[in-house]
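Chains as they are written, first to last, in this note's numbering: chain A, 448 to 812; chain B, 26 to 244. Don't be surprised by glycine CBs; every beta carbon is placed ideally from N, CA and C. Reviewing the structure listed below.
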Amino acid sequence: MKKYFLYPGCSLEASASHYLISVKAIAKPLDLEWVEIEDWNCCGASVSYVGANELQIMVLNARNLALAEAAGGYDIVAPCSSCYVIENKVNRELKANPELMAQVNDILAEAGLSYHGSLEVRHLLDVLYNDVGLDAVKQAVKRPLTGLKVAGYVGCQTTRPFGEYDSVENPRVLDELLAALGAEVVDFPMKMQCCGSGLFLTEMERSMPLVREIIEDAEAHGADVVATACPMCQMNLEIYQGKINKALRTHFRRPIVFISQLMAVAMGLDSNRAGALNRNIVPAKRVIMKALKGAATQVKKPNEEPVVIGRLTPQQQYQAFLDLTAAGDNAQAVYETMKKYRLDPDGVKKIKKAVEEGTLVGPSD
Amino acid sequence: MENDTAAKTVPERGAEGSPAPKKIVKARRAYEPAFAREVFKNVDSGEEIKLCMQCGVCSGSCPLKKEMKYSPRKIFTMIRAGEREMVLSSPDIMLCTSCYRCKVRCPRGIPVIDVMHGLAHYALEQGFEPRHDSAQFGRKFWDNIYKKGRVDETDVAIRYTLADGLVPSIKKGLEMQDLGLQQLLHRRLKILPIRPIRGAKDLKKMLDKAAAAKHGRKA
Chain A
448 MKKYFLYPGC
458 SLEASASHYL
468 ISVKAIAKPL
478 DLEWVEIEDW
488 NCCGASVSYV
498 GANELQIMVL
508 NARNLALAEA
518 AGGYDIVAPC
528 SSCYVIENKV
538 NRELKANPEL
548 MAQVNDILAE
558 AGLSYHGSLE
568 VRHLLDVLYN
578 DVGLDAVKQA
588 VKRPLTGLKV
598 AGYVGCQTTR
608 PFGEYDSVEN
618 PRVLDELLAA
628 LGAEVVDFPM
638 KMQCCGSGLF
648 LTEMERSMPL
658 VREIIEDAEA
668 HGADVVATAC
678 PMCQMNLEIY
688 QGKINKALRT
698 HFRRPIVFIS
708 QLMAVAMGLD
718 SNRAGALNRN
728 IVPAKRVIMK
738 ALKGAATQVK
748 KPNEEPVVIG
758 RLTPQQQYQA
768 FLDLTAAGDN
778 AQAVYETMKK
788 YRLDPDGVKK
798 IKKAVEEGTL
808 VGPSD
Chain B
26 MENDTAAKTV
36 PERGAEGSPA
46 PKKIVKARRA
56 YEPAFAREVF
66 KNVDSGEEIK
76 LCMQCGVCSG
86 SCPLKKEMKY
96 SPRKIFTMIR
106 AGEREMVLSS
116 PDIMLCTSCY
126 RCKVRCPRGI
136 PVIDVMHGLA
146 HYALEQGFEP
156 RHDSAQFGRK
166 FWDNIYKKGR
176 VDETDVAIRY
186 TLADGLVPSI
196 KKGLEMQDLG
206 LQQLLHRRLK
216 ILPIRPIRGA
226 KDLKKMLDKA
236 AAAKHGRKA
């Protein structure tokens, strides 16, 4: 059993309480132990610059580091992306700059604390991916999320700016973890787009278009639910959907869940007590269970029917294949063909595969 | 260099159908380093501006660029040009959502976010208020941390709502009430105020000492 310091942060105590519940619930099946930092304080998030200077924010975070260091030598895990970024930033700067460390320690001494730079601050996804590993996650899955289409929304601060465990431009850790749960991961270009963060409360009309783009894009790529690992993203994408619908004339009712909630469900834990799905404002439980049930009934059917893509007859399919071959690398021509036969990229792949495997043949000549 | 060339605009072509007159804003004076020096000295992370080569990647990467009059790149050059008032009163220095896109893409590695936050902090200190609502919210947020050591989301939201007197408060409150109710129904809101952390008094002392030491990067 590997031990970590859990630094939940203020959001997880209130508006993201379902995140905390599910993070605590998945510890046991994954053979992890969370130890909460005693008497931790807020990291300052990204808006405290209004009232505080840089040194104050350093001291604020150094206090947490010092408390954790005095209580043992485990890594600090922050499920909240903002906590992770700020705590990590301070930790890195202190380690890199001994003079700054001395200055901060001088201030920490007011409370009899000191920090020596022995800890690492890590994001929950980092621990799940690198310490636990995909194989162990797969092993812990008892009820795979087969049939559930999930869009992994990474957001900003989950990987940026450090990129310690994932790419800052093209992240895949979240998607791979979701795939390990058996879910069908849909890729969507907006997964790194900013959700507006703390600006949402004060500048709502400026932030709404950002969220609209994200949800629209996820829906366009067929997502049943959007999964994230940041409390701010979850809140902004979820609770303002009604307001966005009103202001921008959309019809969103898309469940936004934490990856840990999906993990709890996939590990066969109680969806309310462990997964806290009853705390989602846009109901998520029904959507998830419906997708899982649908997949379960589909599996029972014998899977030996000939490939049927949409309503195309085999002749039309073969004609489409010929047209696609003729189009070759010409993107415009390929697009025209796809439009003509109403094919999506998946359909194109299926047709090509069927011809390769010999299940789809042209009229014999 | 002419020291006081006024802002010039291309004379408008009155005829209908001609392309819209384009304003060309010229620098009002030659570069004036006094403000830049002030920024380097007093603004947290202010010295990083020295590295800027005006490539504009930060502006192109900003998710809120289209809401801005002055993009980060322009702000940086305005600092060099000595436009003190324009920079410190510009609402754009407080529009940052901290998405860190500019920071990871900047070819010179400038932490644009830290500079913007530093500038906003300095502007507020100097009596400017680039963005009223954000400033109010930030103040309440920091007050919570300073007094309790943690942020009580409910408390911050209420204080922020009540910050601007009766009429705006009621307006803001009505706008937000359904959100609060939803959160409450789903047990994502605390009704009772949170208690300060045990080390709150010590934390206050430390923060005061850090404030007295002023700009931390000097070490």
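Leaving out the 5 sequence neighbours to the left and right, which residues in its chain are closer than 7 Å to residue i when beta-carbon positions are compared?
{"i": "F699(A)", "result": "I662, Q688, I691 and N692"}
{"i": "F647(A)", "result": "S654, N683 and Y687"}
{"i": "V470(A)", "result": "P526, L571 and S707"}
{"i": "V68(B)", "result": "G143, L144 and Y147"}
{"i": "M78(B)", "result": "R133"}
Suppose you measure from the CA of residue i to the CA of residue j; what does that come to, to the nearest Å?
{"i": "E154(B)", "j": "M714(A)", "result": "51 Å"}
{"i": "Q681(A)", "j": "T806(A)", "result": "45 Å"}
{"i": "N727(A)", "j": "L210(B)", "result": "10 Å"}
{"i": "Q708(A)", "j": "A55(B)", "result": "59 Å"}
{"i": "M505(A)", "j": "L547(A)", "result": "9 Å"}
{"i": "P810(A)", "j": "Q762(A)", "result": "7 Å"}
{"i": "D553(A)", "j": "R696(A)", "result": "55 Å"}
{"i": "G163(B)", "j": "A236(B)", "result": "17 Å"}
{"i": "A676(A)", "j": "G629(A)", "result": "18 Å"}
{"i": "E803(A)", "j": "Q766(A)", "result": "15 Å"}
{"i": "T772(A)", "j": "L759(A)", "result": "18 Å"}
{"i": "K800(A)", "j": "Q779(A)", "result": "22 Å"}
{"i": "I798(A)", "j": "K740(A)", "result": "28 Å"}
{"i": "E200(B)", "j": "A499(A)", "result": "29 Å"}
{"i": "V112(B)", "j": "F768(A)", "result": "60 Å"}
{"i": "L228(B)", "j": "I222(B)", "result": "9 Å"}
{"i": "G669(A)", "j": "V584(A)", "result": "25 Å"}
{"i": "T122(B)", "j": "A743(A)", "result": "42 Å"}
{"i": "S614(A)", "j": "N777(A)", "result": "31 Å"}
{"i": "A463(A)", "j": "Q208(B)", "result": "10 Å"}
{"i": "I104(B)", "j": "S115(B)", "result": "12 Å"}
For residue i, which residues from the same chain have a beta carbon less than 8 Å from its beta carbon, with the 5 sequence-adjacent residues on both sides left out?
{"i": "D671(A)", "result": "L595, K596, V597, P702, V734, I735 and A738"}
{"i": "R130(B)", "result": "V82, C83 and S86"}
{"i": "I484(A)", "result": "F452, L453, Y454, N511, L514, A515, A518 and I523"}
{"i": "V494(A)", "result": "G645"}
{"i": "A225(B)", "result": "K172, K173 and G174"}
{"i": "Q161(B)", "result": "Y185, A188 and D189"}
{"i": "Y612(A)", "result": "R569, H570, L572, D573, Y576, N577, T606 and V620"}
Whose Cβ in chain A lies nearer than 9 Å to the Cβ of residue i?
{"i": "E63(B)", "result": "Correct list: empty, because the minimum Cβ distance to chain A is about 16 Å."}
Apart from the five residues on each side of it in sequence, which residues of its chain come closer than 6 Å, Cβ to Cβ, to residue i?
{"i": "L507(A)", "result": "G491"}
{"i": "A474(A)", "result": "W481"}
{"i": "E57(B)", "result": "G107"}
{"i": "P591(A)", "result": "G629"}
{"i": "R109(B)", "result": "F60"}
{"i": "K215(B)", "result": "T179"}
In chain A, what lies closer than 7 Å to residue i by C-beta?
{"i": "R175(B)", "result": "C457, N488 and C489"}
{"i": "D117(B)", "result": "Those do not exist, as D117(B) stays about 12 Å from chain A at its closest Cβ, beyond 7 Å."}
{"i": "I222(B)", "result": "D486 and N488"}
{"i": "Y24(B)", "result": "Nothing about residue 24(B) can be read from this structure; chain B reaches only from 26 to 244."}
So which residues on chain B does residue i lean against when the C-beta distance must stay under 9 Å?
{"i": "T806(A)", "result": "Ordered by position in chain B, no residue passes the 9 Å Cβ test against T806(A), which lies about 46 Å from the chain."}
{"i": "L657(A)", "result": "P88, L89 and T122"}
{"i": "I523(A)", "result": "What I523(A) touches in chain B: nothing, since even the nearest Cβ is about 17 Å away."}
Give the residues of chain B in contact with residue i, contact being defined as C-beta atoms less than 7 Å apart.
{"i": "Y600(A)", "result": "Per Cβ cutoff of 7 Å: no residues; Y600(A) is ~13 Å from chain B at best."}
{"i": "C641(A)", "result": "P88, T122 and C124"}
{"i": "I415(A)", "result": "Limits of chain A in this structure are 448 at one end and 812 at the other, which puts residue 415(A) out of reach."}
{"i": "V494(A)", "result": "F162, G163 and F166"}
{"i": "L628(A)", "result": "The premise fails here: L628(A) is roughly 24 Å from chain B at the closest Cβ pair, so nothing lies under 7 Å."}
{"i": "V615(A)", "result": "V129"}
Could you name the residues of chain A that residue i contacts, counting a contact when the two beta carbons are closer than 8 Å?
{"i": "G105(B)", "result": "The amino acid occupying residue 105(B) in the given sequence is Arg; Gly does not appear at that position. Those within 8 Å of R105(B) in chain A number zero; the least Cβ separation is about 22 Å."}
{"i": "I160(B)", "result": "Here the sequence assigns Ala to residue 160(B), which means Ile is not the residue at that position. Per Cβ cutoff of 8 Å: V497."}
{"i": "L214(B)", "result": "A461 and S462"}
Mind pulling the chain E residues with CB within less than 8 Å of residue i?
{"i": "L232(B)", "result": "No chain E appears in the structure shown, which is made up of the protein chains A and B."}
Cβ closer than 8 Å: which chain B residues qualify as neighbours of residue i?
{"i": "I686(A)", "result": "L204, Q207 and Q208"}
{"i": "S644(A)", "result": "T122, S123 and C124"}
Item to check | Stretch pair the region 138–154 of chain B + the region 64–76 of chain B: three plus CB contacts closer than 8 Å | outcome: yes
Checklist entry - Looking at chain B, which residues of the region 552–575 of chain A have a Cβ within less than 7 Å of any of its Cβ atoms? => result I554, L555, E557 and A558
Item to check | Contact between the region 608–624 of chain A and the region 567–578 of chain A (3+ Cβ pairs under 8 Å) | outcome: yes
Next on the checklist: Across the region 85–105 of chain B and the region 160–174 of chain B, are there enough close Cβ pairs to call them in contact, namely three or more that are closer than 8 Å?
Outcome noted: The region 160–174 of chain B and the region 85–105 of chain B do not touch, with fewer than three beta-carbon pairs separated by less than 8 Å.
Checklist entry - Is there contact between the region 629–648 of chain A and the region 550–565 of chain A, where contact requires at least three CB pairs shorter than 8 Å? => result no
Checklist entry - Counting Cβ pairs closer than 8 Å, one from the region 184–199 of chain B and one from the region 526–543 of chain A, do we hit at least three? => result The region 184–199 of chain B vs the region 526–543 of chain A: no contact.
Item to check | the region 712–734 of chain A: positions lying closer than 8 Å to chain B by Cβ | outcome: Correct list: N725, R726, N727 and I728.
Checklist entry - When Cβ atoms are compared, which residues of the region 688–706 of chain A fall closer than 9 Å to chain B? => result G689 and K690
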